[in-house]
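First up is the structure itself, then whatever we jot down about it.
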Amino acid sequence: MWMTKRTTKDLLQSVLKRWKDHPILYVGSAETKILQALGDNVKEVRDNSTDRIQQQEPHFPKIQFSVAPDFQTSQLSLENKTVLIGNILTDMDDIWAFLRGLRNQAEQSTRFCILHTSYFWQPLIRFFQSFGKKTKNKKPSWISFLDIENLLHLNGFEVVSVEKRILLPFYIPFFSWFVNRILLTLPLIRNFAIFRLFFIRPVSSWNIQAKQNQRPSVSIIVPCRNEKGNISRCLREMPEFDAPTEVIFVEGGSSDGTREEIQRVLDEYSGPLSLRFFPQRGGSGKGPAVRTGFDEAENDILMILDADLTVRPSELPKFYTALTEGVGDFIMGSRLVYPLEDEAMRTLNILGNKFFSSMFSWILRQPIKDTLCGTKVLWKRDYDRIRNHRDFFGDFDPFGDFDLIFGAALQGFKIMEIPIRYQSRTYGDTNISRFRHGFLLLRMTVFAFIRFRLSL
29 MWMTKRTTKD
39 LLQSVLKRWK
49 DHPILYVGSA
59 ETKILQALGD
69 NVKEVRDNST
79 DRIQQQEPHF
89 PKIQFSVAPD
99 FQTSQLSLEN
109 KTVLIGNILT
119 DMDDIWAFLR
129 GLRNQAEQST
139 RFCILHTSYF
149 WQPLIRFFQS
159 FGKKTKNKKP
169 SWISFLDIEN
179 LLHLNGFEVV
189 SVEKRILLPF
199 YIPFFSWFVN
209 RILLTLPLIR
219 NFAIFRLFFI
229 RPVSSWNIQA
239 KQNQRPSVSI
249 IVPCRNEKGN
259 ISRCLREMPE
269 FDAPTEVIFV
279 EGGSSDGTRE
289 EIQRVLDEYS
299 GPLSLRFFPQ
309 RGGSGKGPAV
319 RTGFDEAEND
329 ILMILDADLT
339 VRPSELPKFY
349 TALTEGVGDF
359 IMGSRLVYPL
369 EDEAMRTLNI
379 LGNKFFSSMF
389 SWILRQPIKD
399 TLCGTKVLWK
409 RDYDRIRNHR
419 DFFGDFDPFG
429 DFDLIFGAAL
439 QGFKIMEIPI
449 RYQSRTYGDT
459 NISRFRHGFL
469 LLRMTVFAFI
479 RFRLSL
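Number 484 marks the last residue of the sequence shown (the working numbering); no jumps.
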């Protein structure tokens with residue numbers, strides 16, 4: 029732990045004052061300083077490290093310890109309990125699944141507090157933590173406070189309050205108290221706090237549609253260009269939605285035999301999916317391919333899955349769940365939360381994505397972290413509304429992403445993002461040109477500013 033014991037105790041006092049004499053379940057790293065600071069309040073601890081638990085059990089005999097991969101809370105009763113979640117979100121493989129597990133176990137009486145470090149401080153903290161360690165640290169996720177609020181909303185929680193804590197993590201007599209208790213209350217300085225305490229509660233009306241067992245049908249659009257080596261694998265990895273599902277391949281201008289491979293796979297397939305193929309209409313680029321597939325789709329929900337499979341098909345059920353539970357109207361993937369595989373995205377592309385995402389968040393007045401993630405999901409009825417008002421923007425988006433984002437924002441749809449694991453390609457080369465398409469993005473940024481900020 030990079031903070032002193034006294035500073036750790038000061039941080040956790042913010043929680044303990046509210047939960048005096050409450051039985052606390054602590055989910056996080058079972059470090060000695062934390063357990064000592066929590067005192068007799070903590071009754072249960074769930075960690076992902078067997079070694080840590082074995083080390084602590086002899087010293088804290090009154091605490092019930094249990095181990096779980098990625099800190100999952102399945103098979104735990106949370107009724108009438110208070111759950112303190114340590115600073116662990118940045119190290120998780122799947123934050124969505126963790127919060128989903130919490131919500132499935134929670135009762136209306138359960139209360140939660142999440143401790144999270146500002147990602148602006150994370151590089152410095154990792155540097156301090158690296159002293160004395162011979163093993164290489166796991167790459168942390170790049171998760172902001174807005175990302176956390178978004179993920180909580182997606183999984184049936186509401187934020188009751190957020191507190192900003194600790195500006196000086198080391199103990200200096202009187203000075204630490206002055207900085208962390210007095211100086212940190214000032215409006216501008218508060219934003220530089222290292223930690224946030226998210227006090228959250230489960231939403232009682234959550235999951236109403238899912239409880240009614242409504243399983244809308246799905247159309248998955250797979251735009252393809254020079255992706256011959258991914259077609260068969262795409263179907264092998266396609267998840268089941270327990271609902272009528274069709275997969276529509278749309279091919280445009282391939283030179284590697286992609287169209288022939290699609291036809292071969294369709295002829296040999298004998299599984300539960302309904303498969304169809306259409307040649308791309310309306311010009312070159314992914315945008316016309318997506319619009320071709322959407323126009324041909326027959327089911328309730330429309331999904332885009334890029335044929336390069338840098339986003340795995342196994343991620344799609346999360347989008348289905350978010351849409352059918354009504355937490356958003358237009359659900360997009362975000363590749364910029366979890367650590368990227370080597371060579372999955374070049375540094376210049378990452379910086380460009382962050383810049384354009386910031387610009388579009390400001391212009392559209394909705395937080396958007398990753399505008400160019402290919403995975404996007406919406407109701408077909410809502411797409412029809414977007415298509416019917418396309419003349420407001422015109423038709424100059426070769427990507428297809430901004431046609432949908434702008435249309436969703438114009439219609440007042442709630443845009444939500446789900447973090448996904450972005451993988452390296454295993455076949456073929458990217459169809460994106462950094463500089464040529466970067467110029468188009470800049471042009472669309474200016475266009476969006478004129479339309480949304482000056483015309484509406």
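In this text, a Cβ means the ideal position worked out from N, Cα and C, and glycines have one as well.
For residue i, the residue or residues it bridges with in DSSP
i: Leu330; result: Ser247, Leu406
i: Glu274; result: Ser247, Ser302
i: Leu112; result: Tyr54, Cys141
i: Phe223; result: Thr145, Arg193
i: Gln92; result: Glu72
i: Ile359; result: Val405, Met444
i: Pro230; result: Phe185
i: Pro307; result: Glu279
i: Val339; result: Tyr450
i: Cys252; result: Glu279
Neighbour-count burial assignment, residue i, 16 or more Cβ in a 10 Å radius
i: Asp75; result: buried
i: Glu289; result: buried
i: His144; result: buried
i: Ile329; result: buried
i: Gln133; result: buried
i: Asp1; result: Because the chain is modelled from 29 through 484, residue 1 falls outside the range shown and cannot be assessed.
i: Phe126; result: buried
i: Lys140; result: Reading the sequence as shown, one finds Phe at residue 140 and not Lys. Phe140 is buried by the Cβ-count criterion.
i: Gln13; result: As shown, the chain starts at 29 and ends at 484. That puts residue 13 outside it, with no answer to give.
i: Gly428; result: buried
i: Gln41; result: exposed
i: Gly311; result: exposed
i: Ser247; result: buried
i: Ile478; result: exposed
i: Pro341; result: buried
i: Thr78; result: exposed
i: Gln103; result: exposed
i: Val405; result: buried
i: Val365; result: buried
Beta-carbon proximity check, residue i vs residue j, cutoff 8 angstroms
i: Leu344; j: Pro267; result: yes
i: Trp124; j: Ile446; result: yes
i: Ile391; j: Ala325; result: no
i: Gly129; j: Ser57; result: no
i: Asp398; j: Gly361; result: yes
i: Arg218; j: Lys192; result: yes
i: Glu177; j: Thr138; result: no
i: Glu279; j: Leu301; result: no
i: Leu112; j: Ile171; result: no
i: Gly184; j: Arg131; result: yes
i: Phe88; j: Ile116; result: no
i: Thr35; j: Tyr199; result: yes
Reduced DSSP category for residue i - H, G, I as helix; E, B as strand; rest coil
i: Ser105; result: coil
i: Gly257; result: helix
i: Ser441; result: The amino acid occupying residue 441 in the given sequence is Phe; Ser does not appear at that position. If DSSP states are grouped into helix, strand and coil, Phe441 belongs with coil.
i: Tyr348; result: helix
i: Ile210; result: helix
i: Ala476; result: helix
i: Ile433; result: helix
i: Val43; result: helix
i: Glu289; result: helix
i: Gly321; result: helix
i: Thr399; result: coil
i: Arg131; result: helix
i: Tyr411; result: helix
i: Met266; result: coil
i: Arg393; result: coil
i: Glu296; result: helix
i: Ser204; result: helix
i: Leu468; result: helix
i: Ile171; result: coil
i: Gly380; result: helix
i: Ser483; result: helix
i: Gly67; result: helix
i: Gly315; result: helix
i: Asp284; result: coil
i: Leu364; result: coil
i: Glu177; result: helix
Below-8 angstroms beta-carbon distance, residue i vs any chain D residue
i: Ile113; result: Among the protein chains of the structure shown there is no chain D, as only one such chain exists.
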